[in-house]
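Participant:
Residue numbers (the working numbering): 4 to 79.
1. Cα-Cα, which of 45, 12, 15 is closest to residue 27?
2. Since residue 42 contacts residue 9 with CB under 8 Å, what's their CB separation in whole angstroms?
3. Please classify residue 29: is it buried, with 16 or more other beta-carbons within 10 angstroms of its beta-carbon, or exposed?
4. Short of 6 Å in beta carbon distance, which residues of its chain neighbour residue 14, apart from the five on each side in sequence? Order them along the chain.
5. Can the beta-carbon of residue 72 be found less than 8 Å from the beta-carbon of residue 59?
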């Protein structure tokens, strides 16, 4: 039962664009992980720059840089 947590700067997506993104991401994950799409959940949060740094970079990216599946190619 995959759960995807995505946090990013505001992207200005409309509701329909966000739904399309969720549908495509769900289909991709379901196919790659051989999981029924009904079992996939997605948490999507848009954060400002300062909040992203304190809540994501400082707590989840920097301390876990060695174990991230995809490592950052930027610094904050």
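Even for Gly, the Cβ is constructed at its ideal location relative to N, Cα and C.
Facilitator: Well, looking at it:
1. In terms of CA proximity to residue 27, 45 leads the group 45, 12, 15.
2. Their Cβ separation, rounded to whole angstroms, is 17 Å, which puts residue 42 and residue 9 out of contact at 8 Å.
3. buried
4. none
5. no
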